[in-house]
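Asks: Numbering (mature numbering (1 follows the signal peptide of the UniProt record, and there is no 0)), first residue to last: -25 to -1, 1 to 392.
We put the beta carbon where it would ideally sit given N, CA and C, even for glycine.
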Amino acid sequence: MREQGLSNVWRLAWLLCLVIATSLAQTALVCPSHSEIAPCYCSVKKSGLDIVCESTDLTHITKAMAVLKGRPNLMIFYLRLRHNNLPKLQGYVFLGLDIRHLTIHNSSLAVLEESSLSSLGTGLTQLDLSQNSLNSVPSHALKDLHHLLILNLNRNKITAIHGRAFEGLDTLEILTLYENKISTIEADAFKGLDNRRLKRLNLGGNELTRIPTQALSSLELLKKLEMQENRIATIKEGDFEGLKALDSLGLAHNHLREVPAHVFSHLTQLNSLELDGNQITHVDANAFIGLEGKCINQKLIRFYFNRLSSFRAILFILSPFCSFTFRVDNPLICDCDLRWYPAWLANLRDKDDEMMSKKRTVCTMPMEHREYSVQNIPLERMGCAGKNAGKFSSSATGCRVYVDATLPLIVLTAAIV
Ligand SMILES: *[C@@H]1O[C@H](CO)[C@@H](O)[C@H](O)[C@H]1NC(C)=O
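#1: If you follow the beta strand (DSSP E) that residue 50 is in, where does it begin and where does it stop?
#2: Cα separation between residue 65 and residue 265?
#3: Could you pull the DSSP bridge partners for residue 77 from this structure?
#4: Is residue 60 near ligand 1, going by C-beta to nearest heavy atom under 8 Å?
#5: Look at the alpha carbon of residue 105 and the alpha carbon of residue 240, and state the distance between them as a whole number of angstroms.
#6: When the cut-off is 9 Å and only beta carbons count, does residue 62 lie next to chain C?
#7: Use the C-beta contact count for residue 238: other C-beta atoms within 10 angstroms, 16 or more gives buried, fewer gives exposed.
#8: Verify the contact flag: residue 244, CB atom, against every heavy atom of ligand 1, threshold strictly below 8 Å.
#9: Taking the beta carbon of residue 130 as the centre, do at least 16 other beta carbons fall within 10 Å, making it buried, or is it exposed?
#10: Going by DSSP in three states, residue 43 sits in which element: helix, strand or coil?
#11: Take residue 5 as the anchor and find which of 13, 355 and 20 has the nearest alpha-carbon.
#12: Using the Cα positions of residue 242 and residue 99, report the straight-line distance between them to the nearest angstrom.
#13: Quick check: what's the CA-CA separation for residue 291 versus residue 261?
#14: Is residue 129 helix, strand or coil by DSSP?
#15: Identify which residue in 211, 85 and 198 has its Cα closest to the Cα of residue 246.
#16: Work out the CA separation of residue 346 and residue 110 for me, nearest whole Å.
#17: Under DSSP, the alpha helix (DSSP H) around residue 12 begins and ends at which residues?
#18: Using 8 Å as the Cβ pair cut-off and three pairs as the minimum, do the segment 87 to 95 and the segment 32 to 40 touch?
#19: Do you know offhand how far residue 55's Cα is from residue 27's?
#20: On a CA-only basis, which of 118, 153 and 122 is nearest residue 140? Give me that one, please.
#21: What's the call for residue 113, buried or exposed, on a 16-neighbour Cβ count within 10 Å?
#22: For residue 403, which residues in the same chain have their Cβ closer than 6 Å to its Cβ, ignoring the five residues on either side in sequence?
#23: How is residue 351 classed by DSSP in three states: helix, strand or coil?
#24: Is residue 30 a contact residue of ligand 1, with contact defined as CB to any heavy atom under 8 Å?
#25: Ends of the beta strand (DSSP E) at residue 242?
#26: Tell me whether residue 83 counts as near ligand 1, meaning its Cβ is closer than 8 Å to at least one heavy atom of that ligand.
#27: Can you tell me whether DSSP reads residue 342 as helix, strand or coil?
#28: Counting C-beta neighbours from all protein chains within 10 Å, is the total for residue -4 16 or more, i.e. buried, or is it exposed?
#29: Are residue 168 and residue 142 touching if we call contact CB-CB under 9 Å?
#30: Quick check on DSSP: helix, strand or coil for residue 247?
#31: Could you check what DSSP says for residue 36 in three-state terms: helix, strand or coil?
#32: Using 9 Å as the threshold, is the C-beta distance between residue 107 and residue 80 below it?
#33: State the start and end residues of the unbroken beta strand (DSSP E) segment that holds residue 223.
#34: Return the first residue and the last residue of the beta strand (DSSP E) that residue 150 is part of.
#35: Near residue 30, what residues of its chain come up, given a Cβ to Cβ distance below 7 Å and the 5 sequence neighbours on each side ignored?
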């Protein structure tokens, strides 16, 4: 009898524990009332709380944070501070909070005190500091974020990436620095990141004039490198040495005039290459050496060229690959180099493809001041007789070529410079 009573007591105690534990767990998923954290607002998401503070200042944000700090076991899945006046992030502002994704966007942020983010080191996986006024990478504030996977520093005013700027970010996989004013990347800029983790790097929309080869060379598992919209005027052999795992390279909208021999030869895993919006007038016959065999993978390789004065270069480009998209936005001059084109087109396996039939590739005949469809260029009047025509037709038969339908294949306006 007595033993029965004792076991009942234990059972009761156990139940009580359970109730307490459950209610504790629940507090973590209950928002403070709006009046407590106004002008911020809070909603409950499956994985935690989502708190947004917009168009306010540090005083109000600090107050709201103080309320949140008063709740034990709170898991803030998203804290989004947007369109605020927040020029400086104070030390310890988030101390005691468990935040997984932090956004401070369009808030005039220029200074992060060293201890402003360090308390988030064990939980923060995404940090978005885009569209602010940072003029350098806030390395001191970032160095303790040992679980960060994604760092977004887009649209700031960063002019240079100094050595070891990301030291401590041992788990970082994605780093984006799009639309800053970066013209200098020091040789050891990415040292101190665990270089075996970084998969994607976006350096687009900056002021780079050359490939930062030394800084990049340690990123041996990088899959995607974006350097579009810079001022890169030349690329050369060896520039991409070390990027053994690179799958995708974006060099669109730079100032490239030439694709020299062997320039991509280290990129044995490359499957996507974007070169549109450049002023490429010369592609070396060996420019794409090292990228052969892509036919096996049937992956997409995209080529775009601007101001490419003749299709001769494309002959070189086409032959090593069996599957790719190309688009030419060039002013084309009708010349004997184009003779292969009609034969090649006729040979396409997918010539009935709806996309293909919409295409009308044209070139300009300067002497006559008129355009011709490339299929119908008046070869006999161009003095091309006797030269080896149709060179391409046979080698093209085994290949599939996808022609991008989003733009006219050839946009033809002016003569060549
Ligand atoms: C950025 O924030 C300001 C307020 O500080 C706001 O007026 C402006 O519209 C915001 N810009 C964008 C693009 O949201």
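Replies: Put simply:
#1: 50 to 57
#2: 51 Å
#3: 54 and 102
#4: yes
#5: 35 Å
#6: In summary, chain C is missing from the structure at hand, where a single protein chain is found.
#7: buried
#8: no
#9: buried
#10: helix
#11: 20
#12: 33 Å
#13: With a pLDDT of only 43 at residue 291, under the threshold of 50, the placement of this residue in the model should not be trusted; the figure read from the coordinates follows. Cα to Cα, the separation comes out at about 8 Å.
#14: coil
#15: 198
#16: 50 Å
#17: 9 to 12
#18: no
#19: 5 Å
#20: 118
#21: buried
#22: For residue 403 there is no data in the structure shown, the boundaries of the chain being -25 and 392.
#23: helix
#24: yes
#25: No beta strand (DSSP E) holds residue 242; DSSP gives it neither H nor E.
#26: yes
#27: coil
#28: Note that residue -4 scores 49 on pLDDT, short of 50, meaning its location in the model is unreliable and no value can be drawn from it.
#29: yes
#30: strand
#31: helix
#32: yes
#33: 223 to 225
#34: 149 to 151
#35: 58 and 59
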